[in-house]
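Before any comments, here is the structure.
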DNA sequence: CAGCATCCTTTCCGATACTG
DNA sequence: CAGTATCGGAAAGGATGCTG
């Protein structure tokens, strides 16, 4: 147990960095948030087709986790067939500008990283 | 397969967001990068004691992955006992300011997220 | 349409023991 | 000191089938 530059505990589940980066760093959450940031609201299958290579089960799990964290909201229209719309909450919206620099960095530096990774693989 | 707002492919391994967020979003990489950002250079056991609840094996794996991506560099001093120093590369240093807003956001909003998570758990 | 349930594989990660 | 090697448990993620 120790403290970081913010004077907060950086251990186990008390660590904000691990909590937040763990959420948006999982395989799909960041993409879901970004898509919802662009589109205002999206239905389940719209999201599913936008991020086509994730299973519907995992999308469900991801959405539930984001909802539990208060980052997205889920609106159900009592119709047949059912219609469910997802959108960012205010908290979720506040996350977008915080993520933006990292997104920019990702696009700018991904080629470098991929090249470095390949080179490292060869050296082994 | 589709394109996002940047006009780039957002699928499989071609997605910068998934590549970068996947790396810094894993359980420990972000913390390692942040610590190296604060301290300039750190030895293996210094990092290990700073992030005490990760095993030495996982620290090794994490460091190797970051090195492979070109984010940190590893300097070996041929002494007995051995001494190895880790530091951020220029690429790694450029990542820090990009991560910063998200770090700030994490500290600011972690309480809200934790509260929301707990509430959601009760409702189920 | 928007899921839930189940099964299965893969990956992650911690504990422990050992080494140049 | 700074790792490597091996094992085992837990968790993440994918495929498939079923349902209100």
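Residue numbers (the UniProt record's numbering), protein chains in the order written: chain L, 1 to 124; chain Y, 1 to 124.
Backbone N, C-alpha and C define an ideal beta-carbon position, used for all residues, glycine too.
Since the model is a prediction, treat every value here as computed from it, not as a measurement.
- Within the UniProt domain "HTH hxlR-type" (15-114) of chain L, the complete beta strand (DSSP E) segments at least 3 residues long are 41-43, 72-77, 83-88, listed from N- to C-terminus.
- In this structure residue 110 of chain Y does not touch residue 32 of chain L by the C-beta definition: roughly 20 Å separates them, more than the 8 Å allowed.
- At a Cβ-Cβ threshold of 8 Å, residue 66 of chain L and residue 29 of chain L count as neighbours.
- With a beta-carbon spacing of about 5 Å, residue 84 of chain Y and residue 76 of chain Y fall inside the 8 Å limit used to define contacts.
- Neighbours of residue 33 of chain Y across chain L, judged by C-beta separation under 9 Å, do not exist; the nearest C-beta is about 10 Å away.
- Here residue 106 of chain L is buried, its C-beta having at least 16 other C-beta atoms within 10 Å.
- Counting of Cβ neighbours within 10 angstroms places residue 118 of chain Y among the exposed residues, the total staying below 16.
- At a cut-off of 8 Å between C-beta atoms, residue 90 of chain L does not count as an interface residue with respect to chain Y.
- In this structure, L/114 is the residue among L/121, L/114, L/122, L/34 with its C-alpha nearest to the C-alpha of residue 14 of chain Y.
- The contact set of residue 20 of chain L on chain Y, defined by CB atoms closer than 8 Å, consists of 102, 105, 106, 109, 110, 113 in chain order.
- In this structure the region 36-53 of chain L does not lie against the region 32-44 of chain Y, because fewer than three pairs of beta carbons, one per stretch, are closer than 8 Å.
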